[in-house]
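In our numbering, the protein residues as written are 55 to 567. Report on the following structure.
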């Protein structure tokens with residue numbers, strides 16, 4: 055038996071991140087876009103179950119358990135993180151069952167159901183070969199026929215240039231770090247050493263110019279994130295074909311990317327690249343070649359146990375029935391989209407009618423958007439894939455599911471908003487989307503005040519001011535810290551007025567409070 059942390063960084067907390075790709079509600083549109091039968095049980099069966107392996111601080115699993123209809127389970131072998139996750143689950147009364155088991159222990163638990171959906175994000179590439187086998191065995195044993203797995207992992211060839219520098223970072227922390235230094239100090243020391251190495255102009259850097267640019271980016275990142283990303287004992291990017299061979303042991307076949315923008319070939323591949331891919335009969339090899347074309351470094355994919363294809367008519371019928379909602383201000387959206395080929399212009403004659411059809415921020419079916427926009431289903435479908443990929447439009451749950459989840463989501467949000475008095479976690483749960491919505495700390499404080507009956511701008515701004523002032527915190531305006539109480543109160547009045555006018559109506563439609 056290995057030690058409980060088994061080479062994984064555990065002496066610093068993982069970030070309180072939320073990952074929208076784990077939301078099961080997003081899977082349906084992605085499957086249908088590829089002409090595949092979506093996982094119907096996720097939303098049709100009252101006993102549908104889901105599991106997140108390695109849930110970190112538990113933000114994603116708790117938001118999905120509170121805001122969605124599935125019964126969630128999960129494990130993360132860091133007991134400190136699990137304690138927070140269990141506290142949040144209890145606050146929401148979501149029934150989520152969260153453990154601090156190792157993957158081996160979790161695999162052998164006798165009290166787990168079979169699952170319709172299994173998700174793991176930021177885990178696979180950072181654990182040992184033995185633990186990856188436990189996960190594969192778990193999926194093989196516990197995933198139902200027709201079930202879906204979401205998995206993300208570091209991918210080759212995208213990490214080829216930086217893998218040698220990561221090796222040096224780890225070796226530096228082992229051999230040259232001061233005795234007793236913490237992981238954050240080790241990260242700082244390793245980054246400083248690599249900077250000196252690059253400045254010495256080694257031939258490696260000349261042959262791999264992107265490595266130096268990547269190092270510059272990492273120098274600006276959160277040290278806790280970098281520690282978990284690069285300082286684990288195990289770090290194993292894989293080619294897609296290698297990943298497919300492993301998951302084949304669990305009877306999984308690749309369905310599609312969970313990253314919606316990767317479905318749009320026009321922004322990621324040249325005409326010559328698309329032609330070359332069309333000549334490759336093997337889907338597995340085709341995905342690997344595609345990764346070379348876009349220099350893929352991180353994949354987020356859906357895999358399915360029992361792939362079934364739909365006829366074009368069946369797919370169209372189900373796509374038309376999908377409900378969606380616009381979250382952004384459509385009139386103010388820049389008509390550009392970023393893909394592997396860089397920025398591309400969005401066709402305004404297509405996107406403007408779609409945005410206009412959704413401009414009231416009400417839930418509409420794709421069929422309604424098709425009718426209101428006057429466009430073809432193909433045009434609407436691609437536009438919505440892009441807009442969802444950009445985070446402007448969200449697939450949403452049925453009216454029945456929204457009502458079923460509203461109380462749990464509100465309870466979790468109450469817990470998170472109270473936390474925002476001291477630090478901002480940055481997300482709240484929406485029973486409309488079945489997932490998380492990015493809401494900054496100041497907005498959460500305003501929502502907390504409104505939920506406590508402080509509806510008027512003056513009393514709301516005073517509520518927020520008292521919280522910030524008690525901690526010696528000041529607002530920043532135009533890059534300058536506001537020092538006087540008068541200036542802070544005036545700015546808060548302005549922000550609260552804007553919040554109530556623009557943000558609050560949308561947050562209310564999303565049922566955040």
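Note that the Cβ used here is the ideal one computed from N, Cα and C, for glycine as well. As the structure is a computational prediction, the values presented were derived from the model and not from experiment.
Per-residue DSSP class, three states only, for residue i
i, result
"residue 513", "helix"
"residue 566", "coil"
"residue 106", "strand"
"residue 271", "helix"
"residue 311", "strand"
"residue 57", "Per-residue confidence for residue 57 stands at a pLDDT of 41, beneath the threshold of 50, marking its modelled position as unreliable; the derived number appears in the next sentence. Coil, per DSSP."
"residue 156", "coil"
"residue 535", "strand"
"residue 558", "helix"
"residue 53", "This structure does not reach residue 53, given that the chain is present from 55 up to 567, and the question cannot be answered."
"residue 90", "strand"
"residue 67", "The predicted position of residue 67 is uncertain, since its pLDDT is 49 and thus under 50; a value taken from the coordinates is nonetheless stated next. Correct three-state label for residue 67: coil."
"residue 62", "Note that residue 62 scores 38 on pLDDT, short of 50, meaning its location in the model is unreliable; the coordinates nonetheless yield the value given after this. In the structure shown, residue 62 sits in coil (DSSP, three-state: anything other than H, G, I, E or B)."
"residue 263", "helix"
"residue 377", "strand"
"residue 530", "strand"
"residue 419", "strand"
"residue 74", "helix"
"residue 186", "helix"
"residue 163", "coil"
"residue 406", "helix"
"residue 412", "coil"
"residue 363", "strand"
"residue 292", "strand"
"residue 318", "coil"
"residue 84", "helix"
"residue 16", "With the chain represented from 55 up to 567, any question about residue 16 goes unanswered, as that position is not in the structure."
"residue 101", "coil"
"residue 193", "helix"
Bounding residues of the beta strand (DSSP E) (the contiguous stretch that carries residue i)
i, result
"residue 554", "Where residue 554 is concerned, there is no enclosing beta strand (DSSP E), given that its DSSP letter is neither H nor E."
"residue 25", "The structure shown does not extend to residue 25, since the chain is modelled only from 55 to 567, so the question has no answer here."
"residue 208", "197-208"
"residue 356", "352-358"
"residue 54", "As shown, the chain starts at 55 and ends at 567. That puts residue 54 outside it, with no answer to give."
"residue 399", "396-399"
"residue 391", "390-393"
Limits of the alpha helix (DSSP H) - the one that residue i falls within
i, result
"residue 469", "453-473"
"residue 217", "217-229"
"residue 343", "337-348"
"residue 305", "No alpha helix (DSSP H) contains residue 305, which DSSP labels as neither H nor E."
"residue 249", "237-253"
"residue 329", "325-332"
"residue 98", "95-98"
Nearest to residue i (by Cα), restricted to the options the options
i, options, result
"residue 178", "467, 109, 421, 549", "109"
"residue 127", "431, 133, 142, 107", "107"
"residue 81", "210, 310, 116", "310"
"residue 539", "550, 527, 549, 532", "527"
"residue 346", "358, 105, 327", "327"
"residue 143", "120, 159, 437", "120"
"residue 512", "550, 485, 566, 290", "550"
"residue 245", "269, 236, 259", "269"
"residue 240", "210, 496, 280, 259", "280"
"residue 85", "413, 562, 313", "313"
"residue 202", "188, 173, 216, 368", "173"
"residue 192", "369, 157, 316", "157"
"residue 562", "519, 486, 545, 523", "486"
"residue 217", "259, 250, 558", "259"
"residue 460", "116, 565, 223", "565"
Inter-stretch contact at 8 Å, needing at least 3 Cβ pairs: the segment 327-347 / the segment 286-300: Touching, yes.
Can you confirm whether the segment 200-210 touches the segment 72-83 when touching is taken to mean that 3 or more C-beta pairs between the two stretches lie within less than 8 Å? Yes, the segment 72-83 is in contact with the segment 200-210.
Quick test of the definition: if touching needs 3 or more C-beta pairs under 8 Å, does the segment 248-264 touch the segment 157-169? The answer is no - the segment 157-169 does not touch the segment 248-264, with fewer than three Cβ pairs under 8 Å.
Minimum length 3: unbroken beta strand (DSSP E) runs contained in the segment 471-507: Correct list: 481-484, 489-492.
Flag this pair as touching only if the segment 388-404 and the segment 352-359 have three or more C-beta atom pairs under 8 Å; answer yes or no. With the rule of 3 Cβ pairs closer than 8 Å, the segment 388-404 does not count as touching the segment 352-359.
Check whether the segment 146-153 and the segment 174-188 touch, using three or more Cβ-Cβ pairs below 8 Å as the test. Segment contact: the segment 146-153 against the segment 174-188, fewer than three CB-CB distances shorter than 8 Å; contact not assigned.
Can you list the beta strand (DSSP E) stretches of 3 or more residues lying completely in the segment 109-151, in chain order? The qualifying runs are 125-129.
Decide if the segment 475-484 is in contact with the segment 440-447; the criterion is three or more beta carbon pairs, one per stretch, under 8 Å apart. Look at the beta carbons and you see the segment 475-484 not touching the segment 440-447: under three pairs across the two are nearer than 8 Å.
Taking contact to mean 3 or more Cβ pairs, one atom from each stretch, closer than 8 Å, check whether the segment 329-337 and the segment 371-384 are in contact. Flag = no, the segment 329-337 and the segment 371-384 do not touch.
When the Cβ atoms of the segment 218-233 are set against those of the segment 188-202, are three or more pairs found closer than 8 Å? Judged by Cβ distances under 8 Å, the segment 218-233 makes no contact with the segment 188-202, as fewer than three pairs qualify.
Would you say the segment 450-458 touches the segment 422-435, given that touching needs at least three Cβ pairs under 8 Å? In the pairwise beta carbon analysis, the segment 450-458 is classified as not touching the segment 422-435: fewer than three pairs are separated by under 8 Å.
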